[in-house]
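Engineer: Plus 35 on top of the position in the sequence shown (first one is 1) and you've got this note's numbering.
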Amino acid sequence: MDFEQAGELKIGQVGIANLRIRTLDVERLTREMQERVARAPKLFGRAAVILDFGGLSRMPDVATAQALLDGLRKAGVLPVALAYGTTETDLLSQQLGLPLLAKFRAQYERAEAEPAPAPARAPAPAPAAEPPRRARAAAAVPAAPAPSAVATGGAPKPGRMQTSNVRSGQQLYAENCDLTVMATVGAGAEVIADGSIHIYGTLRGRALAGAQGNTTARIFCREFHAELVAIAGHYKVLDDVPDSLRGKAVQVWLEQDQIKIAALD
36 MDFEQAGELK IGQVGIANLR IRTLDVERLT REMQERVARA PKLFGRAAVI
86 LDFGGLSRMP DVATAQALLD GLRKAGVLPV ALAYGTTETD LLSQQLGLPL
136 LAKFRAQYER AEAEPAPAPA RAPAPAPAAE PPRRARAAAA VPAAPAPSAV
186 ATGGAPKPGR MQTSNVRSGQ QLYAENCDLT VMATVGAGAE VIADGSIHIY
236 GTLRGRALAG AQGNTTARIF CREFHAELVA IAGHYKVLDD VPDSLRGKAV
286 QVWLEQDQIK IAALD
């Protein structure tokens, strides 16, 4: 008897974009996504996308949601799931024939908690500390923080170290910790960390820090040619970076939901 499995199933880290829907205007959203894909086709063309309806005041009905899916496919991206949210999200996902991804549950819950204060959020120190840092940033690049704690609030694990090149098509993920790369991240390669990312070689691929929502995470690299950099889901592509920063040693951080890049020299 043949006991060999017909297929080996593994749960792994994959590069999936999270699209937070802020309007049910299908034409507007389709047009916006078409422009994004046109600007960076290698990054976003046929990219897998998770739809997050947590930013809306009400859930779309099935017909509207289906129209959104069709519009996104027309724009050139591939909707593959809904972000985990409420029982309404669960029902909508079943009606659309799409799965739910629990990975994005924390982002949805934070969005729900923001409009009205919740007791569980009261002791959180991060919001109180953020305004002074942002005020200083207007005059100078803010100083780099200590190694990032993960978004869950627990103590960070020892950072992950990569001593060899990360080649095109490879993806490296540092879960619940910082990532240090002592070599080059090639074009088409992707490095992801829940904390900060330190690259002591050239960054030609993609670097995504704060993957689980840590807005204090940063990216540092010695030679900057990145296809894309992202922190806590906010991103910037190479075409949006001034020529004066290309090839330089830089740091990347998030300020008021905007990606900032500055030379270290």
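Using N, Cα and C, we set each Cβ at its ideal position, and we do this for glycine too.
1. Less than 8 Å separating the beta-carbons of Ala267 and Leu238?
2. Could you confirm whether any beta carbon from chain D is found closer than 8 Å to the beta carbon of Ala116?
3. If we count Cβ pairs, one from each stretch, closer than 8 Å, do we get three or more for the stretch 237 to 254 versus the stretch 63 to 77?
4. Quick check on this structure: which residue in Phe259, Ile296, Ala297, Asp300 has the alpha carbon closest to the alpha carbon of Gly282?
5. If I follow the unbroken alpha helix (DSSP H) through Val72, where does it start and stop?
6. If the criterion is Cβ atoms closer than 8 Å, does the pair Thr219 and Asn200 meet it?
7. So, Ile254 versus Val287, is the Cβ gap smaller than 8 Å?
8. Once the 5 residues before and after Leu135 are set aside, which same chain residues still bring their CB inside 6 Å of it?
9. In angstroms with no decimal places, state the Cα-to-Cα distance between His269 and Ala52.
10. Excluding five sequence neighbours on each side, which residues of the same chain lie with their C-beta closer than 7 Å to the C-beta of Gly221?
11. If you measure between the beta carbons of Ile227 and Ala252, is that distance less than 8 Å?
12. Span of the beta strand (DSSP E) holding Leu301?
13. Note the first and the last residue of the continuous alpha helix (DSSP H) segment covering Val97.
14. If contacts are defined as beta-carbon pairs under 8 Å, then Ile296 and Val285 qualify, I think. What distance do you get, rounded to the angstrom?
15. Start and end of the beta strand (DSSP E) containing Thr215?
16. To the nearest angstrom, how far is the alpha carbon of Ala244 from that of Asp213?
17. Beta carbon of Ala110, beta carbon of Thr58: below 8 Å?
Structural biologist: In short, the structure shows the following:
1. no
2. Absent here is chain D; the protein component of the structure consists of one chain.
3. no
4. Phe259
5. 61 to 74
6. yes
7. yes
8. Leu117, Tyr119, Ser128
9. 11 Å
10. Asn200, Val201, Arg202, Ser203, Arg239, Gly240
11. no
12. With the chain running from 36 to 300 in the structure shown, residue 301 is simply not present.
13. 97 to 110
14. 5 Å
15. 214 to 216
16. 8 Å
17. no
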